[in-house]
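First comes the structure, then the notes that go with it.
In my numbering, the protein residues as written are 109 to 517.
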């Protein structure tokens with residue numbers, strides 16, 4: 109049988125008590141509540157003091173018993189008086205412990221018989237708070253981005269190129285629906301690099317086709333940022349806005365013809381003409397940027413090629429024969445053009461010795477003039493070593509046609 113006696117004394121019916129008309133009911137309830145809270149605080153304080161006293165008594169008793177065990181180990185005759193003293197103290201502490209326990213038991217009974225109120229009627233079984241906080245996204249380093257891009261391209265390069273070759277809106281939308289993993293920054297970056305490579309290879313028409321698909325991907329990514337969603341979830345919205353749709357006009361918009369029949373016609377309309385114009389403007393600007401980047405890359409490649417060829421041409425003294433030839437006076441250049449050694453010697457003899465020495469030393473350092481080239485042959489003939497010097501023809505084609513080659517790249 110259920111015992112309902114616990115509900116006999118409950119202090120929660122203050123609002124049902126009848127009060128004198130001259131007494132403020134709200135103030136009376138507030139005073140009662142304040143008095144009840146003070147009684148509960150006093151009771152809790154008394155309970156804490158009893159618990160503290162009981163724990164302290166048990167601690168002292170444990171220390172006393174430990175000392176007694178230590179004295180029992182040593183000589184009983186020398187520590188007999190001290191042992192008796194500790195035994196008496198331990199007995200007193202046991203009595204105090206029992207007294208504290210009796211007081212705690214009486215306090216628990218008193219607590220059990222106390223009437224329930226709004227503060228003690230019930231307690232929380234558990235309390236739990238959960239905050240759905242989005243974790244902070246750490247920005248990727250350049251090395252992580254490069255590694256991620258490389259892995260993505262190795263896996264989906266063929267699919268990306270296929271998307272770059274598509275021309276119709278419907279084909280692009282269907283292909284992205286079948287391959288949603290392509291809707292990401294890595295695809296756009298690969299298409300940009302591909303456009304520059306095609307322009308460098310002078311495949312201009314193909315570059316414009318891939319550039320169109322590049323801007324498609326970039327517009328999808330920008331739309332995702334503005335909507336704060338994943339790009340794979342909004343690329344269909346982009347095609348809805350950009351595609352040209354065909355539909356029938358309503359009969360109410362037709363013009364009346366003979367016999368009262370309504371003439372309807374097909375009309376082509378864009379979902380957002382301004383959005384389409386923005387797309388075309390960005391596409392043209394992107395093509396110009398690609399052409400500029402390709403031009404810079406070509407010029408850099410030409411400079412590297414020319415520098416490599418120049419390093420190959422350097423003579424024993426580290427001078428470029430082309431530069432040295434161009435710095436020579438016209439009369440010396442004519443001597444090298446006609447390959448006349450006697451003319452060269454006559455021209456040098458007519459020049460200032462210091463200037464002639466300077467120019468000839470530069471020719472030697474660049475490899476244009478090789479002195480004593482036939483000394484071995486002269487020695488065999490009994491010559492003195494002052495045989496005719498030998499010189500090489502300079503590769504003027506590299507120097508004169510450099511601008512033409514640069515323009516063809």
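Ideal Cβ placement from N, Cα and C applies to all residues, glycine included. Here the structure is a predicted model, which is why all the values come from computation and not from measurement.
(request) Would you check if the distance between the CB atom of residue 350 and the CB atom of residue 277 is smaller than 8 Å? (result) For residue 350 and residue 277, yes; Cβs fall inside 8 Å.
**Request:** Between the Cα of residue 436 and those of 455, 320, 450, spot the shortest distance and give me the residue it belongs to.
**Result:** Ranked by Cα distance from residue 436, the options 455, 320, 450 are led by 455.
- [ ] Give the single residue among 222, 246, 396 whose Cα lies nearest to the Cα of residue 148.
- [x] Nearest of 222, 246, 396 to residue 148, Cα basis: 222.
*Do residue 293 and the ligand GTP come close, with the Cβ less than 7 Å from some heavy atom?*
The model depicted lacks the ligand GTP and carries no ligand whatsoever.
Taking only runs of the alpha helix (DSSP H) that begin and end inside the region 270-337, which ones reach a length of at least 4 residues, in chain order? Taking only runs of at least 4 residues, the alpha helix (DSSP H) segments lying wholly in the region 270-337 are 277-286, 293-308, 312-335.
Stretch-stretch touch, CB-based, cutoff 8 Å, three pairs: the region 393-403 with the region 303-314: Under the Cβ criterion (8 Å, minimum of three pairs), the region 393-403 counts as touching the region 303-314.
- prompt: Quick one: Cα of residue 290 to Cα of residue 393, how far?
  reply: Between residue 290 and residue 393, the alpha-carbon positions lie close to 24 Å from each other.
* To do: Compute the Euclidean distance between the alpha carbons of residue 245 and residue 232, then round it to the nearest angstrom.
  => Going from the Cα of residue 245 to the Cα of residue 232 covers about 37 Å.
> In terms of alpha-carbon separation, which member of 476, 457, 338 lies closest to residue 445?
Replying inline: Per the C-alpha coordinates, the member of 476, 457, 338 positioned closest to residue 445 is 476.
Could you tell me if residue 263 is buried or exposed, where buried requires 16 or more neighbouring beta carbons within 10 angstroms of its beta carbon?
-> So residue 263 counts as exposed.
Determine contact between the region 324-333 and the region 417-434, defined as no fewer than three beta-carbon pairs at a distance below 8 Å. No: fewer than three Cβ pairs fall under 8 Å.
Buried or exposed: which applies to residue 453, given that a residue is buried once 16 or more other Cβ atoms fall within 10 Å of its Cβ? Label assigned to residue 453: exposed.
My output table needs one value for residue 225: the three-state DSSP class, helix, strand or coil.
Residue 225: strand per DSSP, three-state reduction.
Assuming residue 432 and residue 474 form a contact by the criterion Cβ under 8 Å, report the distance between their Cβ atoms to the nearest whole angstrom. Yes, they are in contact, since the Cβ atoms of residue 432 and residue 474 sit about 4 Å apart, within 8 Å.
key: Alpha-carbon spacing of residue 198 relative to residue 169, whole angstroms   = About 6 Å.
_Going by C-alpha to C-alpha distance, which of 293, 188, 343, 320 sits closest to residue 386?_
Sorting 293, 188, 343, 320 by C-alpha distance to the C-alpha of residue 386 places 320 at the top.
| query | Can you name the start and end residues of the alpha helix (DSSP H) that residue 414 belongs to? | reply | Residue 414 -> alpha helix (DSSP H) spans 381-421.
Could you tell me the distance, in whole angstroms, from the CA atom of residue 465 to the CA atom of residue 415? Rounded to whole angstroms, residue 465 to residue 415 spans 28 Å at the Cα level.
Next on the checklist: I want to know whether the region 188-204 touches the region 240-260 - three or more CB-CB distances under 8 Å.
Outcome noted: Counting C-beta pairs with one atom in each stretch, the region 188-204 and the region 240-260 have fewer than three that are closer than 8 Å, which means they do not touch.
*asked:* Suppose you measure from the CA of residue 155 to the CA of residue 141; what does that come to, to the nearest Å?
replied: Near 21 Å, if we compare the C-alpha coordinates of residue 141 and residue 155.
Closest residue to residue 224 among 384, 110, 118 (Cα-Cα distance) = When each option's Cα is compared against that of residue 224, the closest is 118.
Delimiting residues of the alpha helix (DSSP H) encompassing residue 163: DSSP places residue 163 in the uninterrupted alpha helix (DSSP H) bounded by 133-181.
Original post:
Mind checking residue 470: buried by the 16 CB within 10 Å criterion, or exposed?
Top reply: Label assigned to residue 470: buried.
### Query
Would a C-beta distance cut-off of 8 Å place residue 337 and residue 294 closer than the cut-off?
Not in contact: residue 337 and residue 294 (Cβ atoms no closer than 8 Å).
| message | Rounding to the nearest angstrom, what Cα-Cα distance links residue 271 and residue 280 in this structure? | response | One C-alpha to the other measures close to 7 Å.
**Neighbourhood of residue 167 by C-beta distance below 6 Å, restricted to the same chain and skipping five residues each side** = The answer is none, since no qualifying residue turns up.
- Please list, in chain order, all residues of the same chain as residue 346 whose beta carbon is under 7 Å from its beta carbon, the five residues on each side excluded. Non-local beta-carbon contacts of residue 346 in its own chain, meaning distances under 7 Å to residues more than five positions away in sequence, involve 327, 328, 331 in chain order.
- Message: Using C-beta distances below 6 Å, list every residue in its chain close to residue 340, excluding the 5 sequence neighbours before and after it, in chain order.
- Response: Contacts found: 288, 291.
| message | Please classify residue 530 as buried or exposed, where buried requires at least 16 other C-beta atoms within 10 Å of its C-beta. | response | Any property of residue 530 remains undetermined from this structure, which presents the chain solely from 109 to 517.
Discussion item. Buried or exposed for residue 112, going by 16 or more other Cβ atoms inside 10 Å?
Written reply: So residue 112 ends up on the exposed side.
Exercise. Could you pull out every residue in the same chain whose Cβ sits closer than 8 Å to the Cβ of residue 179, ignoring the five residues on either side in sequence?
Key: Only residues of its own chain outside the window of five on either side were considered, and among them 187, 190, 191, 194 have a CB closer than 8 Å to the CB of residue 179, listed in chain order.
Query raised in the report: Are residue 158 and residue 212 close, meaning C-beta to C-beta below 8 Å?
Result: Yes, the Cβ-Cβ distance between residue 158 and residue 212 is below 8 Å.
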